[in-house]
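Heads up, the thing below is written out as structure tokens.
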Amino acid sequence: MSQEHRLLKFEPLIWFLFGQGIMIGSILMTSWLLVVGILHPLGIVHPDALGYERALMLASNPIGSVIVFSILALPLWKGAHHVRHFFIDRGYAEYDGTIGALSYLVATLGSLLALVAVIRL
Amino acid sequence: MTTRRKFVVTRFDPDKDEVPKTQEYEIECQDDWKVLDAINFIKDEVDSTISHRWSCRMAVCGSCGMMVDGEPKLTCKTALDSYGDTVEIEPLANFPVVKDLVVELEGFMGKFQQVKPWIMNAKEEAEKKAASTMKEGTYRQSTEELMAFKQFSMCINCMLCYSACPVVSNEPDFLGPAAIALGHRYNMDTRDGGQDERNQIFREEGTVFSCSYANECSEVCPKGVDPAAAVNQAKFNAVIDWATGLVVSRPAAKGDE
Amino acid sequence: MPASKAAHPEAMAPPTPGPTRTAPPMQPGSWKTSPRMKQYARFGLTGWIYLFASFAGIAIVWSLGSGPEAYARMQAILAHPLAVGFHLLALASVVFVLIRFFGLFPKAQPARIGPAKPPPQPVLKVMLYGVWIGIALVMAIVKAGGLF
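Residue numbers (the numbering used here), protein chains in the order written: chain A, 74 to 194; chain B, 835 to 1091; chain C, 26 to 173.
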């Protein structure tokens, strides 16, 4: 079977993950980017709000760890899918088997890294 | 009242031209003309060698699709007075060009055939329905059931959506908006029993998931079919069909080894 | 209008060649200047931003799991103007993506899946925005020190 056809068998799953990456991932990412990435570093939010102990408590409890994992992993699938289409739109459709496989490999490895990052908390 | 306009028209004669070129025509246009009126005037009165397709003149046959100032339009429906003094006319984008403004249609026809655009297993479906919901009569369909797919049956095969689609432009295997919309029309028709087969085609060789939801097809559709909605509904159905197929075994579709 | 680019040479090709030579397919000339296509291109580019934002998030959580000193070093990096700038860009991308997605999502729901029917499109849109703003608000409050 050609590389393209092997990838095609996974397309429904990839598309589903991509769709969730857009919706759930983006919804969850909003507050992460706002507070963790902007308000807390700028001191607008009190430093202790995401100080070491509190951050660890929030991210390592059962519900928090699932949420954090989702914030880290789901956007990877939206990202990988769009990066793959970025190259297709620029005329590299011929290499889609390779580019697609690489993009989703990055998303898979990133998701595994995210899992490890959360587990080791 | 008339306005003088210049038309920059793509010309291509496979017997004479290596590559397409443009030819300019300056004519007096009536103020109520559509673009097609101008092209017909050029052919009738100025240059009879120009080739183009047209028929009904009232936006139901889908023959007269062309690029007008870079956008796909039905030229019988496009008023000239929304354009400037110079209008560029090209054959439909993303299609091979046979001559002048005439594009090769067989690729489009092939994609249509792939989605099996007919009611499949009608007798079996009717018998199933008669047993469960309807007391008598075959092919009974409520208004609500009709409305689930009616919009997608209004396509006039004008192919403007194929010219607007970035995926059609880059991925030759992609079925394209009109073909997927038509397949989805049959999938949503309660009289049809071919969903498994069509969903497999959508998922696999038809690559329905290649659609990147640019929504350009729906923006250019002259009949309000909204093919983007159809394609993305079809993706949803294809995922559910795929997931169900992982759990529930199905008889092999025709064509499987 | 700018000259158009060639489409894929096999785009809309017939299953068997026709009797005469054809000119190759071209992309629409308006794609380079069309505002809608520029929005579409921006939507695609957010993929790169999402990838980087995810990996940045993984680095942050990794530092949290590596002890207080590592976490403090990460906080210092996050306070750098470039880091804040990147997260601002990422936040703008997320807002852009969700607004576009919520515009397109309702009509992509099939009229029925078995017996189930989606809510009417305007209701669905309100639900989507409600869920987004609600969840984002609660999570932001928690992260900013409230509730727990």
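Glycine is no exception: its CB is placed at the ideal position from the N, C-alpha and C atoms.
Cβ separation of residue i and residue j, assumed to be a contact under 8 Å, to the nearest whole Å
i, j, result
"Q857/B", "R845/B", "5 Å"
"V191/A", "V141/A", "6 Å"
"V1059/B", "P906/B", "About 14 Å separates the two Cβ atoms, so there is no contact after all."
"V932/B", "T45/C", "6 Å"
"Y65/C", "A1048/B", "5 Å"
Partner residues on chain B for residue i, Cβ-Cβ distance less than 9 Å
i, result
"Y96/C", "Ordered by position in chain B, no residue passes the 9 Å Cβ test against Y96/C, which lies about 39 Å from the chain."
Interface partners of residue i on chain B, CB under 8 Å
i, result
"W150/A", "None at all; the shortest Cβ gap to chain B is about 13 Å."
"T71/C", "Residues of chain B passing the Cβ test: none, with the nearest at roughly 13 Å."
"Q134/C", "Q1067, F1070"
Chain B residues whose Cβ lies nearer than 7 Å to that of residue i
i, result
"I161/A", "N1004, E1005"
"E126/A", "Ordered by position in chain B, no residue passes the 7 Å Cβ test against E126/A, which lies about 42 Å from the chain."
"A166/A", "N1004, E1005"
8 Å CB neighbourhood of residue i in its chain, flanking five on each side removed
i, result
"T181/A", "none"
"G171/C", "none"
"I97/A", "S143, L147"
"V1073/B", "none"
"I166/C", "L172"
Contacts that residue i makes with chain C (C-beta to C-beta distance below 7 Å)
i, result
"S99/A", "V119, V122, L123"
"V139/A", "What V139/A touches in chain C: nothing, since even the nearest Cβ is about 13 Å away."
Proximal residues of chain C, C-beta to C-beta of residue i below 9 Å
i, result
"N1105/B", "Outside the displayed span of chain B (835 to 1091) sits residue 1105/B, for which this structure offers no information."
"D121/A", "G170"
Exposed unless 16 or more other CB atoms sit within 10 angstroms - verdict on residue i
i, result
"P50/C", "buried"
"P925/B", "buried"
"T1024/B", "buried"
"T47/C", "buried"
"W88/A", "buried"
"W952/B", "exposed"
"C890/B", "exposed"
"G1/C", "Beyond the ends of chain C as shown, which are 26 and 173, falls residue 1/C; an answer cannot be given."
"L131/A", "buried"
"S118/C", "buried"
"R163/A", "exposed"
Under 7 Å by beta carbon: chain A residues contacting residue i
i, result
"S79/C", "L145, P148, L149, G152, G183"
"K1069/B", "W88"
"G82/C", "W105, I144, L145"
"P1000/B", "D162"
"Y175/C", "What the structure shows of chain C is the stretch from 26 to 173, and residue 175/C is not part of that stretch, so it cannot be assessed."
"S1046/B", "H158"
"F1073/B", "Note that residue 1073/B is Val in the sequence shown here, rather than Phe. In chain order: P85, W88, F89."
Contact set between residue i and chain C, taken where Cβ atoms lie within less than 8 Å
i, result
"G173/A", "Under the 8 Å cutoff, chain C gives no residues; its nearest Cβ is about 13 Å from G173/A."
Same chain only: Cβ atoms within 7 Å of residue i, ignoring 5 sequence neighbours per side
i, result
"V1002/B", "N928, Y996, F1008, G1010"
"C992/B", "G896, G899, L908, P1056"
"A36/C", "P50"
"A153/A", "S176, Y177, V179, A180"
"E978/B", "none"
Contacts that residue i makes with chain A (C-beta to C-beta distance below 8 Å)
i, result
"A28/C", "What A28/C touches in chain A: nothing, since even the nearest Cβ is about 16 Å away."
"F1043/B", "E84, P85, I87, W88"
"P93/C", "Y125"
Residue nearest to residue i in terms of C-alpha spacing, selected from the options
i, options, result
"L153/C", "G43/C, P60/C, V109/C, L123/C", "L123/C"
"V1065/B", "T1078/B, L1080/B, F1036/B, I1074/B", "F1036/B"
"A31/C", "T45/C, A115/C, A38/C, P53/C", "P53/C"
"W157/C", "R157/A, S184/A, F160/A, S104/A", "S104/A"
"R1019/B", "V1042/B, Q864/B, S1046/B, M988/B", "M988/B"
"M981/B", "F173/C, R137/C, M99/C", "R137/C"
"D915/B", "D866/B, L939/B, E879/B, D871/B", "D866/B"
"G944/B", "T41/C, H33/C, P131/C", "T41/C"
"T912/B", "V853/B, Y859/B, D871/B, R974/B", "D871/B"
"S885/B", "E862/B, N1071/B, I876/B", "I876/B"
"E1038/B", "E1050/B, P1061/B, A1063/B, W1076/B", "W1076/B"
"P1006/B", "F841/B, P930/B, F983/B, M901/B", "P930/B"
Beta-carbon proximity list for residue i, same chain, < 6 Å, skipping 5 on both sides
i, result
"E107/A", "The identity of residue 107/A in the sequence shown is Leu, whereas the question assumes Glu. Within the same chain, L107/A has no close Cβ partners at all."
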